[in-house]
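Here is the structure we will look at.
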Amino acid sequence: MMKKTMVKTGLSALALLPGLAMAAPAVVDKADNAFMMLCTALVLFMTIPGIALFYGGLIRGKNVLSMLTQVAVTFALVCVLWVVYGLLTGLRHRRQLLRQLRLGDAEEYQDY
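According to mature numbering (1 follows the signal peptide of the UniProt record, and there is no 0), the stretch in the sequence shown is residues -23 to -1, 1 to 89, in order.
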């Protein structure tokens, strides 16, 4: 029983070795970023009218325009908040770097 377990474990380890040896390093590619941005834009273009029409179908006919406007304004607010939060999060590291440079600890950041 123990021999079978050891053989299975050994074969499993051997099966995983080529995958580890052939793993390519992660590289940032401009095409990958462009593809993700395009997919995000397409999802947003699809989602906003979908949500507006879905909620518009749940209310009376004379209030559909109001619902479409509310969804559009809410989406605009979320976009503004997303950009502000993203900029603050992205620039947080930069502010820490500038603070360190002003204090004279530039030796730590030779890579930048």
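The beta carbon of each residue, even a glycine, is placed where N, CA and C say it ideally should be. All of these numbers come straight from a predicted model, not from anything done at the bench.
For residue j and residue i, the rounded distance between their alpha carbons
i, j, result
"L(-13)", "A8", "38 Å"
"L36", "S43", "Note that residue 36 is Ile in the sequence shown here, rather than Leu. The alpha-carbon atoms of I36 and S43 are separated by roughly 10 Å."
"K39", "A11", "41 Å"
"M(-22)", "T(-15)", "11 Å"
"residue 133", "R76", "Only positions -23 to 89 of the chain appear in this structure, which leaves residue 133 out of reach."
"V4", "M13", "15 Å"
"T(-19)", "A(-11)", "12 Å"
"G33", "L64", "33 Å"
"Y62", "M23", "23 Å"
"L21", "V(-17)", "52 Å"
"Q73", "V60", "20 Å"
"T66", "L58", "12 Å"
Cβ neighbours of residue i in the same chain (closer than 8 Å, five flanking residues each side left out)
i, result
"R71", "none"
Sequence-distant residues of its chain with Cβ nearer than 7 Å to residue i (five each side left out)
i, result
"F52", "I25"
Residues near residue i in its chain [Cβ-Cβ closer than 6 Å; skip 5 each side]
i, result
"L15", "none"
"V41", "G33"
Practice task
Report yes or no: do the region 38 to 50 and the region 19 to 30 share at least 3 C-beta pairs separated by less than 8 Å?
Solution key: Segments in contact, yes.
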